[in-house]
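Numbering that gives the first Met the number 0 puts the first residue of the sequence shown at 0, with every later residue one more than the last. We put the beta carbon where it would ideally sit given N, CA and C, even for glycine. These notes are about the structure you will find just below.
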Amino acid sequence: MYDSIIPGGKYCIVNVGTGSYTGVGLVPPVNPPPPSPLKPIGRIFREAFTLEPKEGDKYIIAHKTFRMLVGHDDEGIVRLIPPGGKEVQWIIVDGYGPGRYRIKAVDSDKYWRMSREGKWGSVKLEEENGDSDQEWRFEEV
0 MYDSIIPGGK YCIVNVGTGS YTGVGLVPPV NPPPPSPLKP IGRIFREAFT
50 LEPKEGDKYI IAHKTFRMLV GHDDEGIVRL IPPGGKEVQW IIVDGYGPGR
100 YRIKAVDSDK YWRMSREGKW GSVKLEEENG DSDQEWRFEE V
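See the structure below:
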């Protein structure tokens, strides 16, 4: 058992800046599902993720329904990893207020950011900007 900032378990991940839940939304009914990007899915629908603590403040994050790990591509888009893909660990650190956290890539100095670009937006890895669009709340399921 590791001493971690957030206990392992099942959570919905909420972006503080937008108030939107994070998920993949509608996914084509194929098995295995495609490596869909994480994006804002609104304030009504919720998708659960599992957090598995590792050493230090590191975690494995997985989509509970699809049982797929969360990683990122070369462009910094945070997305589901196809089955058999490389395990990605994330560092969860305190945010700028109580109950707020930032999620950092272990292999870079970039953090999850809820981007509002494009039709739907997406979660991208970007350098720290001090804004609430890089802060997240974890609601236990």
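- Taking every protein chain shown into account, the CB of G55 has fewer than 16 other CB atoms within 10 angstroms, so this residue is exposed.
- The beta strand (DSSP E) runs lying completely inside the segment 23-101 and spanning 3 residues or more are 47-52, 57-62, 67-71, 77-79 and 89-93, given in chain order.
- A Cβ-Cβ distance of about 5 Å is found for the pair E51 and G7, placing them in contact under the 8 Å criterion.
- DSSP places N128 outside any beta strand (DSSP E), giving it a letter other than H or E.
- A straight line joining the alpha-carbon of D132 with that of E126 spans about 12 Å.
- For the pair E134 and R99, the CB atoms are nearer than the 8 Å cut-off.
- It is roughly 21 Å from the alpha-carbon of R66 to the alpha-carbon of R136.
- Cβ neighbours of A61 within its own chain (closer than 8 Å, five residues either side excluded): F48, T49, E51, M67, L68 and V69.
- Taking all protein chains in view, the Cβ of G41 is surrounded by fewer than 16 other Cβ atoms within 10 Å, so the residue is classified as exposed.
- If you check the CB distance, T21 and V122 come in under 8 Å.
- Inclusion of K103 and V87 in the CB contact set at 8 Å is not warranted, their separation being larger than that value.
- For a cut-off of 8 Å, the C-beta gap from S19 to M113 is around 7 Å, short enough to register as a contact.
- Nearest to D108 by alpha-carbon distance, out of W89, G83 and K53, is W89.
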